[in-house]
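Asks: Next up is a structure, given as structure tokens.
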Amino acid sequence: MAGRRIGKQTVKLQNPVNAVSAAAIVGPKEGKGPLGRYFDMIIDDELWGETSWEKAESKLTKETFSKIVTKARKSNNEINCIIAGDLLNQCIASSFGLREAGVSFLGIYGACSTMAQSIGIGAMMVDGGFADNVVCITSSHFCSAEKQFRFPLELGSQRPPTAQWTVTGAGGVLLSNQGTGPCITYVTTGKIVDMGIKDANNMGAAMAPAAADTIITHFRDTGLAPESYDLIVTGDLGIVGKSICDDLIKRQGYYISDRYNDCGVMIYDRERQDAHAGGSGCGCSASVLGGFLYGEMTKGSLNNILFVATGALLSPTSTQQGESIPCIAHAVSIGKTFG
Amino acid sequence: MQNILTKDEYRKYVEKVSPKSKLLRNTIRAFVVGGFICIIGQMFNNLLKARGYGPDIVSTITPIIMVFLGAFFTGLNIYDELGRFAGAGSIVPITGFANSIVSPAMEYKSEGYVLGVGAKMFVIAGPVLVYGISVSVLAGIIYYIIK
Chain X
46 MAGRRIGKQT
56 VKLQNPVNAV
66 SAAAIVGPKE
76 GKGPLGRYFD
86 MIIDDELWGE
96 TSWEKAESKL
106 TKETFSKIVT
116 KARKSNNEIN
126 CIIAGDLLNQ
136 CIASSFGLRE
146 AGVSFLGIYG
156 ACSTMAQSIG
166 IGAMMVDGGF
176 ADNVVCITSS
186 HFCSAEKQFR
196 FPLELGSQRP
206 PTAQWTVTGA
216 GGVLLSNQGT
226 GPCITYVTTG
236 KIVDMGIKDA
246 NNMGAAMAPA
256 AADTIITHFR
266 DTGLAPESYD
276 LIVTGDLGIV
286 GKSICDDLIK
296 RQGYYISDRY
306 NDCGVMIYDR
316 ERQDAHAGGS
326 GCGCSASVLG
336 GFLYGEMTKG
346 SLNNILFVAT
356 GALLSPTSTQ
366 QGESIPCIAH
376 AVSIGKTFG
Chain F
7 MQNILTKDEY
17 RKYVEKVSPK
27 SKLLRNTIRA
37 FVVGGFICII
47 GQMFNNLLKA
57 RGYGPDIVST
67 ITPIIMVFLG
77 AFFTGLNIYD
87 ELGRFAGAGS
97 IVPITGFANS
107 IVSPAMEYKS
117 EGYVLGVGAK
127 MFVIAGPVLV
137 YGISVSVLAG
147 IIYYIIK
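Listed in order, the protein sequences are those of chains X and F. With the working numbering applied, the first sequence covers 46 to 384. With the working numbering applied, the second sequence covers 7 to 153.
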């Protein structure tokens, strides 16, 4: 077995991989949420001076990237690779937003799990000596996602209480083999889990088994207990998916309730902000990580976290053809110190 | 606690733990708002009749006014808020039909007037038109035969 592999799905990094800087830019609704003050920037309107939602989302990616690089006091020339993805068809928010960066680019798609997927790949690249500095970044935009996956914005329709609200925002981190910052220690790559849920308005329930599977596999592979972490945080399960995930893990004999939260639950005040079951989208876990979680880790209020971004691998076509929703979750351990 | 193993078990479990829509509240809202829209329509209907227009003209002008209002308030970003509150109450009346055509037209304007507005305008109302027209043709044929 390859030297760094432990257990079925996990890689234990051997060299320090530091998240030396992070940034997040979010939309107005996210800015008014409970985590508003942790974000680097809050845009005033969702078009942000552009002529389409897609261009606005690209701009989110572009500006977040430049903030990440600037905060680490680096220039684009020092970045070896950008690993980025989003929800739009052919990942145009990432590729169009980063086309002027002049840096090697790897576009990836893992639906809303993309943030953890890009950190996982980036961390392995840095650990393996294939790169010194890698930027991992993802975005989503409420309006462009609604347009692609649901209905036009101005259509007067009602959502069921299990529906989630796509976060307008981008977030990311710069991983480096030098400098200081929280370290990436383990990468548990998820497998596709499909428990037969077909309701695209109940994505939390569809993704919860994938999240539970990855979290349990992470504990089994590494031998770590939930107590090793101050916080275990899933990407965008929302309030319904979060309680299902918590319950599924409990049924497997692990207790995480006292240290478990979900970015989709954290980012909105669900009662006040009409967000139904909570936030979703690549930008949900990305902005909460790049804004709130990274900030808390550098401050020292959080030491070790397990960041588990969750993705529903559906498309509008697969939903219309009556397919169930295959889901995935990737976990990365982010710790104050390496080892 | 039992482990959930099969898809069937999981589906039943999810149904049990997922919150349901508030049926009574939504029905009352739909009734009030839908009724209110119909009252506005009736108001125009009576107004036109009082001005001495014949029944044929009145039943043509009234829907035209209501469709205009639906489109107008969609353009003002108000109809979607109404729809979020009222659900079927604002979807079922003819104003909702206008909303379902104007909203994609607005949304896809960024793809141009031909492939955007023109091609996507009926993306929601299309099925209503296809099956509405088909059924009325069918009804017309049946009426013609049994008349």
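Positions of the beta carbon are idealized from the N, C-alpha and C atoms, including for glycine. Every value quoted in this text rests on a predicted model; they were computed, and no experiment measured them.
1) Thinking C-alpha only, which one of 248/X, 127/X and 47/X is nearest residue 194/X?
2) Which runs of the beta strand (DSSP E), 3 residues or longer, sit entirely within the segment 62 to 101 of chain X?
3) Which bits of chain X does residue 16/F rub up against, with CB to CB less than 8 Å?
4) Looking only at C-alpha atoms, which of 361/X, 209/X and 318/X sits nearest to residue 24/F?
5) Which residues bound the beta strand (DSSP E) around residue 233/X?
6) Any chance you could list the beta strand (DSSP E) runs of at least 3 consecutive residues sitting entirely within the segment 295 to 367 of chain X, in chain order?
7) Start and end of the beta strand (DSSP E) containing residue 396/X?
8) Please report the distance separating the alpha-carbon of residue 190/X from that of residue 330/X.
9) State the CB to CB distance for the pair residue 235/X and residue 369/X, rounded to an integer number of angstroms; the pair is presumed to be in contact (CB under 8 Å).
10) Quick one: which unbroken beta strand (DSSP E) runs of 3-plus residues sit fully inside the segment 126 to 166 of chain X? Chain order, please.
11) Bridge partners for residue 211/X per DSSP, in chain order?
12) Classify residue 57/F as helix, strand or coil using the three-state DSSP reduction.
13) Quick check on residue 175/X: buried or exposed, where buried means 16 or more other Cβ atoms within 10 Å of its Cβ?
14) Is it buried or exposed, residue 169/X, if we count other Cβ atoms within 10 angstroms and call 16 or more buried?
15) Restricting to Cα atoms, I'd like to know which of 281/X, 132/X and 355/X is closest to residue 322/X.
16) Can you give me, in chain order, the residues of the segment 276 to 305 of chain X that have a beta carbon less than 9 Å from any beta carbon in chain F?
17) Strictly by DSSP, which residues pair up with residue 56/X?
18) Compile a chain-ordered list of the residues in the segment 76 to 100 of chain F whose CB is closer than 7 Å to at least one CB of chain X.
19) Chain X beta carbons: is any one of them nearer than 8 Å to that of residue 73/F?
20) Taking a contact to mean a Cβ-Cβ separation below 8 Å, would you say residue 158/X touches residue 355/X in this structure?
21) Can the beta-carbon of residue 25/X be found closer than 8 Å to that of residue 16/F?
22) So which residues of chain X does residue 109/F contact, with C-beta pairs closer than 9 Å?
23) Residue 192/X touches chain F at which residues, Cβ-Cβ below 7 Å?
24) So with Cβ pairs under 8 Å, would you call residue 51/F a contact of chain X?
Replies: For this structure:
1) Scanning 248/X, 127/X and 47/X for the CA closest to the CA of residue 194/X turns up 248/X.
2) Counting whole runs of 3 or more residues, the segment 62 to 101 of chain X contains the beta strand (DSSP E) stretches 63 to 71.
3) Per Cβ cutoff of 8 Å: 240, 241, 242 and 254.
4) Minimum Cα-Cα distance from residue 24/F among the listed residues 361/X, 209/X and 318/X corresponds to 209/X.
5) Run containing residue 233/X: 228 to 233, per the beta strand (DSSP E) assignment.
6) Look at the segment 295 to 367 of chain X and you find these whole runs of beta strand (DSSP E), each 3 residues long or longer: 305 to 307 and 349 to 357.
7) This structure does not reach residue 396/X, given that chain X is present from 46 up to 384, and the question cannot be answered.
8) Rounded to the nearest whole angstrom, the C-alpha separation of residue 190/X and residue 330/X is 16 Å.
9) The pair is not a contact, with the Cβ atoms about 17 Å apart (cut-off 8 Å).
10) Those beta strand (DSSP E) runs which fall completely within the segment 126 to 166 of chain X and span 3+ residues are 126 to 130 and 150 to 152.
11) For residue 211/X, the pairing in a beta bridge is given by DSSP as 325/X.
12) In this structure, residue 57/F counts as coil in the three-state DSSP scheme.
13) Residue 175/X is exposed by the Cβ-count criterion.
14) Residue 169/X is buried by the Cβ-count criterion.
15) Among 281/X, 132/X and 355/X, the Cα nearest to that of residue 322/X belongs to 281/X.
16) Against chain F - using a Cβ distance shorter than 9 Å - the residues of the segment 276 to 305 of chain X are 284, 285, 288, 289, 292, 293, 295, 296 and 297.
17) DSSP output for residue 56/X lists 50/X and 232/X as bridge partner(s).
18) The segment 76 to 100 of chain F vs chain X, Cβ under 7 Å: 80, 83, 85, 86, 88, 89, 90, 93, 96 and 97.
19) With 8 Å as the cut-off, residue 73/F does not count as an interface residue toward chain X.
20) The answer is yes: Cβ separation under 8 Å.
21) The displayed coordinates of chain X run from 46 to 384. Any statement about residue 25/X would go beyond what the structure contains.
22) Those are 196, 197, 198, 199, 200 and 201, listed as they occur along chain X.
23) Correct list: 113.
24) Residue contact with chain X for residue 51/F: absent (no Cβ-Cβ distance below 8 Å to any residue of chain X).
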